[in-house]
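Before any comments, here is the structure.
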Ligand code: TYM
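Numbering (the numbering used here), first residue to last: 19 to 349.
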């Protein structure tokens, strides 16, 4: 049986990369397939950076609002907050015994953090992939809609699931796969000419779902470019490839072709290219932004959704935890 699980960390507003890489696919899974879906807010994961309590609370609420604004529907999906499901940290404790220091230290995300925040290499950061694996296997999920940056975490999830099955000679956990409903996992580039769109890079490299049209346009128009192609059919530098990737995510085939031809014959005007990206991105984001503003005041609805989501997620999680305890001899 197929089961879908995914989540996002509440570390700030969601950007266009989170939407294209993850949430858009959550909605497609929910609407187009008749399989159980679990989508959550990974609040425990965000504790690795020690957020202020008020910020954490606001960010959790904001992600919930953004999930709903993007189209997640509590009637079709189980939508919950990770910390409302105490079975998750319990199973995490058990799985920490099956995860080894060496493999955790080799995680690319861990190595990045060691480099970027040497003053805060806490144990939670090291075992982050174990908690993430547990988020997934606690519902015995098979499919995990995520962006390309989560590929290694999914590989580690499969390792832990397989290790449990082998250690206890059971075929209990399936090996979950990262998925995108397009043909490959997505990495949405940022506007600063290098790397992926992310919350932690400069504020101007990401387009947030809450950015108004003016801000969105301003950020896109400021995106890094080169001086323009000098020779016909010249290879594109990274910053221009990035702009084309963004265009391809939002524009129709004809528009994309038109700009590709203009690049190839050196007649391209980057201002027009950016204008087309901004215009089409706005078309995608506008309805989401409007819905975010409508939902912002509806505390009652948000509480009801969190409550119902936690109840259904706990039902599934406690069944798994009970089986696991039985299997390992905690009877
Ligand atoms: P997070 O919060 O960094 O990102 C949430 C989702 O957005 C995707 N994403 C992107 N996709 C394409 N292009 C980008 N520029 C881009 N930036 C972000 C991410 O791939 C992710 O799917 N560890 C996870 C949260 C998590 C989780 C889980 C996910 C915790 N437990 C269990 C799946 C299943 C994270 O930090 O995502």
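We put the CB at the ideal spot given by N, CA and C, even for glycine.
Flag this pair as touching only if the stretch 237-244 and the stretch 269-276 have three or more C-beta atom pairs under 8 angstroms; answer yes or no. no
Best match in 276, 303, 302 and 305 for proximity to residue 291 [C-alpha to C-alpha]: Numbered from its first residue, the chain shown carries residue 291 at position 273. Here the closest residue by C-alpha is 276.
Through-space distance from residue 296 to residue 318, alpha-carbon basis: Here residue 318 is taken as the residue at index 300 of the chain shown, counted from 1. Here residue 296 is taken as the residue at index 278 of the chain shown, counted from 1. Taking the straight line joining both Cα atoms gives about 35 angstroms.
Tell me whether residue 63 counts as near ligand 1, meaning its Cβ is closer than 7 angstroms to at least one heavy atom of that ligand. Residue numbering aside, residue 63 sits at position 45 when the chain shown is read from its first letter. Yes, the beta carbon of residue 63 sits closer than 7 angstroms to at least one heavy atom of ligand 1.
Is residue 24 helix, strand or coil by DSSP? For the purposes of this step, residue 24 is taken as the residue at position 6 of the chain shown. Strand.
Residues that residue 197 bridges to, as DSSP identifies them: Residue numbering aside, residue 197 sits at position 179 when the chain shown is read from its first letter. Bridge partners of residue 197: 163.
Could you tell me which uninterrupted beta strand (DSSP E) segments, each at least 3 residues in length, are contained entirely in the stretch 45-107, listed from first to last along the chain? 55-59 and 96-99
Opening and closing residue of the alpha helix (DSSP H) in which residue 130 lies: The residue you call residue 130 lines up with position 112 of the chain shown. Where residue 130 is concerned, the enclosing alpha helix (DSSP H) stretches over 126-134.
Uninterrupted alpha helix (DSSP H) stretches inside the stretch 219-263 (no shorter than 4 residues): 231-239
Relative to ligand 3, is the shortest distance from any of its heavy atoms to the C-beta of residue 165 smaller than 7 angstroms? In the structure shown, ligand 3 is absent; the only ligands present are ligand 1.
How about the stretch 64-71 and the stretch 22-31: do they share at least three Cβ pairs that are nearer than 8 angstroms? yes
At a cut-off of 7 angstroms, is residue 36 close to ligand 1 when judged by its beta-carbon and the heavy atoms of the ligand? Taking the first residue of the chain shown as 1, we reach residue 36 at position 18. The answer is yes for residue 36.
Ligand 1 and residue 263: does any heavy atom of the ligand fall closer than 7 angstroms to the residue's C-beta? For the purposes of this step, residue 263 is taken as the residue at position 245 of the chain shown. No; taking the cut-off as 7 angstroms, the Cβ of residue 263 has no heavy atom of ligand 1 nearer than that.
Per DSSP, which residues does residue 214 bridge with? Please list them. Walking along the chain shown from the start, residue 214 turns up at place 196. Note: residue 214 sits in a beta bridge opposite 207.
According to DSSP, simplified to helix, strand and coil, what is residue 325? Counting from 1 along the chain shown, the entry for residue 325 is found at position 307. Residue 325 falls in the helix class under three-state DSSP.
Proximity below 8 angstroms, CB of residue 44 to CB of residue 163: Start at 1 with the first residue of the chain shown, and residue 44 comes out as number 26. Start at 1 with the first residue of the chain shown, and residue 163 comes out as number 145. Contact flag set, yes.
Just the Cα atoms here: how many angstroms apart are residue 246 and residue 252? Here residue 246 refers to the residue found at position 228 when the chain shown is read from its first residue. Here residue 252 refers to the residue found at position 234 when the chain shown is read from its first residue. Approximately 10 angstroms, taken between the alpha carbons.
Beta-carbon proximity list for residue 79, same chain, < 7 angstroms, skipping 5 on both sides: As a position in the chain shown, residue 79 is number 61, starting the count at 1. Within the same chain, residue 79 has close Cβ partners 320.
Compare the C-alpha of residue 53 against each of 89, 96 and 33 and name the closest. In the chain shown, residue 53 corresponds to position 35, counting from 1. That would be 96, whose Cα lies nearest to the Cα of residue 53.
Can you grab the Cα-Cα spacing for the pair residue 85 / residue 41, in whole Å? The residue you call residue 85 lines up with position 67 of the chain shown. The residue you call residue 41 lines up with position 23 of the chain shown. The straight-line gap from Cα to Cα measures roughly 7 angstroms.
Quick check: what's the CA-CA separation for residue 35 versus residue 46? Counted from its first residue, the chain shown places residue 35 at position 17. Counted from its first residue, the chain shown places residue 46 at position 28. Cα-Cα distance, rounded: 16 angstroms.
Extent of the continuous alpha helix (DSSP H) to which residue 181 belongs: On the chain shown, position 163 is the one that residue 181 refers to. It spans 169-185 - the alpha helix (DSSP H) in which residue 181 sits, taken as one unbroken run.
For the structure I just gave you, are there three or more beta carbon pairs, one from the stretch 131-145 and one from the stretch 168-180, closer than 8 angstroms? no
At the level of alpha carbons, what is the spacing between residue 70 and residue 60? Numbered from 1 along the chain shown, position 52 holds the residue referred to as residue 70. Numbered from 1 along the chain shown, position 42 holds the residue referred to as residue 60. So the alpha carbons of these two residues sit roughly 16 angstroms apart.
Throw me the rounded Cβ distance for the residue 105 and residue 156 pair, which I believe falls under 8 angstroms. As a position in the chain shown, residue 105 is number 87, starting the count at 1. As a position in the chain shown, residue 156 is number 138, starting the count at 1. At roughly 6 angstroms, the Cβ-Cβ gap stays under 8 angstroms, so residue 105 and residue 156 are in contact.
Start and end residues, alpha helix (DSSP H) containing residue 282: Position 264 of the chain shown, counted from the first residue, corresponds to residue 282. Residue 282 -> alpha helix (DSSP H) spans 271-282.
Leaving out five residues on either side along the sequence, give the residues of the same chain with a beta carbon under 7 angstroms from the beta carbon of residue 117. Here residue 117 refers to the residue found at position 99 of the chain shown. Cβ within range, chain order: 145, 148 and 178.
Taking contact to mean 3 or more Cβ pairs, one atom from each stretch, closer than 8 angstroms, check whether the stretch 206-223 and the stretch 182-189 are in contact. no
Could you tell me if the beta carbon of residue 89 falls within a distance shorter than 7 angstroms of some heavy atom in ligand 1? For the purposes of this step, residue 89 is taken as the residue at position 71 of the chain shown. Checking the Cβ of residue 89 against ligand 1 gives no.
Beta-carbon separation (whole angstroms), residue 159 vs residue 286, contact threshold 8 angstroms: Along the chain shown, one-based indexing puts residue 159 at 141. Along the chain shown, one-based indexing puts residue 286 at 268. Not a contact, Cβ separation roughly 44 angstroms.
Taking all protein chains shown into account, do 16 or more other C-beta atoms lie within 10 angstroms of the C-beta of residue 138, making it buried, or fewer, making it exposed? Numbered from its first residue, the chain shown carries residue 138 at position 120. So residue 138 ends up on the exposed side.
Label residue 348 either buried or exposed according to how many other C-beta atoms from any shown protein chain fall within 10 Å of its C-beta, with 16 as the threshold for buried. Position 330 of the chain shown, counted from the start, is the residue given in the question as residue 348. Exposed: under 16 other Cβ atoms inside 10 Å.
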